[in-house]
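Remarks on the structure that follows.
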Amino acid sequence: MPELWLGLSIVFAGLAVWIAVYLAPRWLVRARIRARLQNMGELDGLDDGRSWLREFAEWFTGQSAIEGDFDALRQALETTGRSRHQAQSLYMLWCWLLPSLVIVAGFLALGPVGGALVAAGAFILPRRFIRTVGVNAEKRQNLEAIELCHMTRMLMEAGLSIERALRLIAAQGRPIMPALSIRLDRFNRVMESGADRTRALDELGNNRRILVLRHYVNLMKQSGTLGSGVSSSLDQIIQEAQQGERNRLKEETNRIGAKMTMVMMVFMLPALFILIGGPAVLSIAETLGR
-11 MPELWLGLSI VFAGLAVWIA VYLAPRWLVR ARIRARLQNM GELDGLDDGR
39 SWLREFAEWF TGQSAIEGDF DALRQALETT GRSRHQAQSL YMLWCWLLPS
89 LVIVAGFLAL GPVGGALVAA GAFILPRRFI RTVGVNAEKR QNLEAIELCH
139 MTRMLMEAGL SIERALRLIA AQGRPIMPAL SIRLDRFNRV MESGADRTRA
189 LDELGNNRRI LVLRHYVNLM KQSGTLGSGV SSSLDQIIQE AQQGERNRLK
239 EETNRIGAKM TMVMMVFMLP ALFILIGGPA VLSIAETLGR
């Protein structure tokens, strides 16, 4: 009987992963096409469409016992380019649905003690993974935002407007800005839906941890409102971003030095003591043996 429950748990886990990886993107594309064909001007309708999965995820993350945990991970998920509704669906899948199946399988296969350990890992590891992915995405997008400033300055000096420059960058700059291009695509969709440029720029720079992109958005808003030039301001943003990146690399280098010191103390010093003191210990043992 336990083997049967274990097999069913594995089957359902595989089915959930198959739905999330293979079917959900197809359903999302179909919903988006239907929304555009129906001329839905609302931004959320253009992004995700209406589906039972989205509605259930929105209801689930809105519960008082779940809302705080979701808010702690929402920023990390949205940093990777997901919309709020996509973040809700991924959070429900990776932090609750799959861990629940793994916990059931762990209790059936390993008993109470092993199941408790599996339960702790199933709830902690996905959340740590999501936070780590969010931090890495922020670092990568800060670097890509420097390239965005370079390309924007070049295109605007050629006479293009902000909208046309960002549309061209999203189309041609994807190989060098793979993470940031998702945000640029969303900005272009917001503009195509008829929204105000200020709202679209706020959507582009809503993450305050991506400082370079945040400064870039503030400059574009100021340029659109006051009509001021942006070349010198973009140069200043680029220089500050490069200096900040140098400081970050120096800090990480100092941390690596401290970590290597601990590694040397744990692994190399005992070997060094054995190499230097080994012959002396053998000589003393031979002398005492005589």
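Mapping the sequence shown onto our numbering, position 172 (from 1) lands on 160, and the numbers just tick up by one. We treat Cβ as the ideally placed atom computed from N, Cα and C, and that holds for glycine.
Answer yes or no: do A133 and L168 have a C-beta to C-beta separation smaller than 8 angstroms?
yes
Rounded straight-line distance, which links the Cα of G265 to that of S271
10 angstroms
Straight-line gap, A75 to V106 (C-alpha atoms, nearest Å):
25 angstroms
Between the alpha carbons of P114 and R14, how many angstroms are there, rounded?
25 angstroms
Beta-carbon proximity of Y79 to T49, cut-off 8 angstroms:
yes
DSSP three-state label for N195, please.
coil
Would you say the beta carbon of L222 comes nearer than 7 angstroms to a heavy atom of the ligand NAD?
The ligand content of the structure shown is nil, which means the ligand NAD is not present either.
Going by Cα to Cα distance, which pick from V178, K238 and A229 is closest to L136?
A229
Assigned exposure category for R234 - 16 Cβ within 10 Å defines buried
exposed
In or out: D35 buried (at least 16 other Cβ within 10 Å) or exposed?
Reliability of the predicted coordinates at D35 is poor, the pLDDT of 47 falling under 50, and the value obtained from them is presented with this limitation in mind. Flag for D35 reads buried.
Assuming N130 contacts V200 under a Cβ cut-off of 8 angstroms, what Cβ separation, rounded to an integer in Å, is found between them?
5 angstroms
Between the C-alpha atoms of M139 and D184, what's the straight-line distance to the nearest angstrom?
23 angstroms
8 angstroms Cβ cutoff met for R196 and R187:
no
Straight-line gap, Q158 to K238 (C-alpha atoms, nearest Å)
In the sequence as displayed, the identity of residue 158 is Ala instead of Gln. Distance between the alpha carbons of A158 and K238: 32 angstroms.
Mapping the DSSP letters down to three states, classify R162 as helix, strand or coil.
coil
Quick check on R62: does DSSP put it in helix, strand or coil?
helix
Rounded to whole angstroms, what's the CA-CA distance from L181 to T249? Just pull it up for me.
Before going further, note that residue 181 is Ser rather than Leu in the sequence given. In a straight line, the C-alpha of S181 is about 56 angstroms away from that of T249.
Please report how far the alpha carbon of T67 lies from the alpha carbon of N194, in whole angstroms.
9 angstroms
A146 (DSSP reduced to helix, strand or coil)
coil
Only counting the same chain, and skipping five residues up and downstream in sequence, which positions put a Cβ closer than 7 angstroms to that of L172?
L154, I157 and A158
Going by beta-carbon coordinates alone, are S221 and E145 separated by less than 8 angstroms?
no
For G2, count the other beta carbons within 10 Å of its own beta carbon; 16 or more makes it buried, fewer makes it exposed. Which is it?
exposed
G102 (DSSP reduced to helix, strand or coil):
helix
Which of the three DSSP states is assigned to L25 in this structure?
Confidence is the limiting factor: at L25 the pLDDT is only 48, short of 50, which leaves the residue's position unreliable, though a coordinate-based value still follows. Note: L25 maps to helix in three-state DSSP.
Straight-line CA distance for R162 to F44?
33 angstroms
Buried/exposed call for G122, threshold 16 Cβ in 10 Å:
buried
State the start and end residues of the unbroken alpha helix (DSSP H) segment that holds D184.
That residue, D184, is in no alpha helix (DSSP H); it is neither H nor E in DSSP.
Using the C-alpha atoms, what's the distance from I170 back to K127?
15 angstroms
Can you tell me the Cα-Cα spacing of F111 and L65, whole angstroms?
17 angstroms
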